[in-house]
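See below for the structure under consideration.
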Amino acid sequence: MTDFNVTEAMDLLHEYAIKLNFLHDETADMLEGYHFMPNSMFLRIDNDKRDIYDSLNPIADNLKSYFLKPAHGGSRTGAGRKKEQPTKQIRVDLTLANQLKELSDLFRSQGFSEQNDLLVALNEVYKSHSSNNVS
1 MTDFNVTEAM DLLHEYAIKL NFLHDETADM LEGYHFMPNS MFLRIDNDKR
51 DIYDSLNPIA DNLKSYFLKP AHGGSRTGAG RKKEQPTKQI RVDLTLANQL
101 KELSDLFRSQ GFSEQNDLLV ALNEVYKSHS SNNVS
């Protein structure tokens, strides 16, 4: 199958299952009439089954590769950083790193209105210090 279609493959598997059931029933019917199955009948049924299985293998392989996920790669459920608010990695002076981390943790632990208050306060601190340095 070059263009793999799952529905067609499933239909084909269904047809082969019917054929295999028929061969199984035929084998059982023959065994009822004989104390042993003649070798010619056994070989014919066995060859028919082998032909069916040979036809089934590529279909089954395609279905396996279609439905099974690769063993490597992909993501595990619950893996990775939890999505709350987007983050951005920045470089800061080492002397500020701990204080900014604590500020970030405090910000995340607050509710929406408290976060808004912190942002307003930070903007005021920034404006007051930047206007002092410019003058």
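The sequence shown maps to residues 1 to 135 in full-length UniProt numbering.
In this text, a Cβ means the ideal position worked out from N, Cα and C, and glycines have one as well.
A quick note: this is a predicted structure, and the numbers were derived from the prediction, not measured.
C-alpha gap between residue i and residue j, whole angstroms
{"i": "N21", "j": "V6", "result": "22 Å"}
{"i": "D105", "j": "E8", "result": "55 Å"}
{"i": "A97", "j": "Y126", "result": "17 Å"}
{"i": "S131", "j": "V120", "result": "16 Å"}
{"i": "Q89", "j": "L103", "result": "15 Å"}
{"i": "D11", "j": "T77", "result": "33 Å"}
{"i": "S112", "j": "Q85", "result": "It should be pointed out that residue 112 corresponds to Phe in this sequence rather than to Ser. Distance between the alpha carbons of F112 and Q85 is about 12 Å."}
{"i": "N62", "j": "Y53", "result": "14 Å"}
{"i": "T2", "j": "S40", "result": "Interpretation of T2 is limited by its pLDDT of 44, a score under 50 that renders its predicted location unreliable; no figure is taken from the coordinates."}
{"i": "T87", "j": "E124", "result": "22 Å"}
{"i": "V92", "j": "K101", "result": "11 Å"}
{"i": "H129", "j": "T95", "result": "18 Å"}
{"i": "D29", "j": "K19", "result": "15 Å"}
{"i": "K83", "j": "N57", "result": "44 Å"}
Opening and closing residue of the alpha helix (DSSP H) in which residue i lies
{"i": "R108", "result": "L94 to S109"}
Whole-number beta carbon distance between residue j and residue i, since they are thought to touch under 8 Å
{"i": "Y16", "j": "S65", "result": "The pair is not a contact, with the Cβ atoms about 19 Å apart (cut-off 8 Å)."}
Contact under 8 Å by Cβ, residue i with residue j
{"i": "F107", "j": "Q99", "result": "no"}
{"i": "L13", "j": "I59", "result": "yes"}
{"i": "Q110", "j": "L118", "result": "yes"}
Residue i beta carbon near the ligand ZN (any heavy atom closer than 7 Å)
{"i": "S40", "result": "Absent from the structure shown: the ligand ZN. Ligands present: none."}
CB contact check: residue i to chain D, cutoff 8 Å
{"i": "K88", "result": "As a matter of chain content, chain D is missing from the structure shown, which is built from one protein chain."}
(Q) With three or more beta-carbon pairs closer than 8 Å as the criterion, would you say the stretch 22-29 touches the stretch 43-54? (A) yes
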